[in-house]
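Here the structure is laid out as C-alpha cells; the discussion comes afterwards.
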Amino acid sequence: MKSLMYKSWVTTKSFIDAINNPPIKIATFGPLTTVGSRPVASLTKYWNLVTVTSGVSSAALINRDIYPYFFTTETTDVTLNPIRIAMLRRFNWTRIATIHHISELQEIRSATLLTLELHVKGVNYPVFEMLILKCVAAKNFIRDADKLNFTLITTEAFFTSPVEQLKSIKEKGAKIILLFASVIPTIKLFCEVYHQKMYGSHYVWFITYGYTKNWWRAFRTDANVNCTSEQLELAMSSYFTFNNVELGSDETTVSGM
C-alpha cells in the first residue's frame, strides 16, 4: 500500500485505486497500522488477495472468519498476556484494573442496542461488558486473570475522553492498571493521568505501546492534548511495556537477552 497514514479512509481509497489500475494484483503489503489495515483486510477477501503487514499487533485482525487472508509478522496483543500475567505474579500485584480504548463508534452503537434489547427482555447487561468483549486482548487477559485468582477492581472502556473512567479507577483505589490501546489514545489517557495525578510511586501502568524512544514526543501533536512533553513524561514515570527482540540487535535488554 502506498499510504502509511493512520486514516482508514486513506488506506481504503489507496487500496481501491490500486485494484482499479493495472497490473492485476495477487497480494498486498501493508498498511502498517491497525487502523489502516482493518478496512483493507476486510476488503481483500473479495478479490482473494493475501494481505501481509509487518507493523500490526491487533489480535482482532487474526479472526479468520472476518479476515481470512490477513497475515502479520508482528506479535499480537493476545500473545503478550502471559507476560503481563507473569509480571503481575512476580511482584504479587493481585488487585488490578483494566481500561480499554474503543476504536470504532460502531462498537458503542452495537453495545447500546444490545443492552436496550436485553433490558426489554429483563436481562441486565452493562454496556461496558459488551465493549470490552470487542478487545480480544483485554477479554482474554480478564479471563486468564480471573482463573488465576486476581482481583479485578474495575474494567473501564473509553472512546474519546478517558476522564470519567480514570476517575472511577481512582475512586475505587486501583493502583495497578492495564491499558489496552494504540499510541494516540495512550497519549490522550496519560495526559489525563497527569491532570488527575495518577502517577508516581503508588501507581504502576501496563501499556500496549511505548517501546520506541520518546514516542510520546513524536505523536503528541497528533494526539492534540493539553499537556507538554515534560508533563507526559512525568505521568509515564512508572509504566511497563513489552516488545519483540529484534534479531541482529546488539542492545542488551533488562532480562539479559
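Just add 124 to wherever you are in the sequence shown, counting from 1, and you've got our numbering.
From the three backbone atoms N, C-alpha and C, an ideal C-beta is built for every residue, glycine too.
Fair warning: this is a prediction, and the values are worked out from it, not measured in the lab.
Would you kindly work out how many angstroms separate the C-alpha atoms of residue i and residue j, rounded to a whole number?
{"i": "residue 320", "j": "residue 215", "result": "25 Å"}
{"i": "residue 350", "j": "residue 296", "result": "26 Å"}
{"i": "residue 174", "j": "residue 132", "result": "19 Å"}
{"i": "residue 252", "j": "residue 193", "result": "With a pLDDT of 44 at residue 252, under the threshold of 50, the modelled position of that residue is not reliable, and the figure given next carries that caveat. Looking at the two C-alpha atoms, the distance is approximately 31 Å."}
{"i": "residue 273", "j": "residue 207", "result": "16 Å"}
{"i": "residue 159", "j": "residue 283", "result": "14 Å"}
{"i": "residue 285", "j": "residue 275", "result": "26 Å"}
{"i": "residue 196", "j": "residue 226", "result": "22 Å"}
{"i": "residue 298", "j": "residue 277", "result": "7 Å"}
{"i": "residue 190", "j": "residue 137", "result": "20 Å"}
{"i": "residue 167", "j": "residue 367", "result": "29 Å"}
{"i": "residue 185", "j": "residue 209", "result": "23 Å"}
{"i": "residue 318", "j": "residue 326", "result": "14 Å"}
{"i": "residue 292", "j": "residue 311", "result": "19 Å"}
Tell me where the alpha helix (DSSP H) around residue i begins and ends.
{"i": "residue 188", "result": "Segment: none, residue 188 is in no alpha helix (DSSP H) and carries neither H nor E."}
{"i": "residue 343", "result": "339-347"}
{"i": "residue 183", "result": "Careful: residue 183 lies outside any alpha helix (DSSP H) and carries neither H nor E."}
{"i": "residue 356", "result": "353-359"}
{"i": "residue 212", "result": "205-214"}
{"i": "residue 265", "result": "260-271"}
{"i": "residue 314", "result": "307-319"}
{"i": "residue 167", "result": "158-168"}
{"i": "residue 293", "result": "287-295"}
For the beta strand (DSSP E) that residue i lies in, which residues bound it at each end?
{"i": "residue 220", "result": "219-225"}
{"i": "residue 328", "result": "328-330"}
{"i": "residue 281", "result": "275-282"}
{"i": "residue 174", "result": "174-177"}
{"i": "residue 151", "result": "151-153"}
{"i": "residue 140", "result": "Not the beta strand (DSSP E): residue 140 falls in the alpha helix (DSSP H), residues 132-143."}
Once you ignore the five residues that flank residue i on each side, which residues in its own chain have a CB closer than 8 Å to its CB?
{"i": "residue 339", "result": "307, 333"}
{"i": "residue 342", "result": "336"}
{"i": "residue 143", "result": "149, 171"}
Does residue i pass the burial test, meaning 16 or more other C-beta atoms within 10 Å, or should it be called exposed?
{"i": "residue 140", "result": "exposed"}
{"i": "residue 187", "result": "exposed"}
{"i": "residue 324", "result": "exposed"}
{"i": "residue 201", "result": "buried"}
{"i": "residue 229", "result": "Confidence in residue 229 is poor, its pLDDT being 48 and thus under 50, which makes the residue's placement unreliable; the coordinate value appears in the next sentence. It counts as exposed."}
{"i": "residue 146", "result": "exposed"}
{"i": "residue 135", "result": "buried"}
{"i": "residue 162", "result": "buried"}
{"i": "residue 265", "result": "buried"}
Which residues in the same chain have their Cβ closer than 6 Å to the Cβ of residue i, if we skip the five residues on either side of it in sequence?
{"i": "residue 302", "result": "222, 330"}
{"i": "residue 313", "result": "286"}
{"i": "residue 300", "result": "217, 220, 328"}
{"i": "residue 224", "result": "256, 259, 262, 281, 304"}
Suppose the cutoff is 7 Å on Cβ atoms and the five residues either side in sequence are ignored; what does the same chain contact list for residue i look like?
{"i": "residue 353", "result": "340, 341, 344"}
Any beta-carbon of chain C closer than 8 Å to the one on residue i?
{"i": "residue 145", "result": "Chain labels in this structure do not include chain C; a single protein chain is all it has."}
Open item on the list: Tell me whether the region 266-282 and the region 211-226 touch, counting them as touching only if at least three CB pairs, one residue from each stretch, are closer than 8 Å.
Closed with: yes
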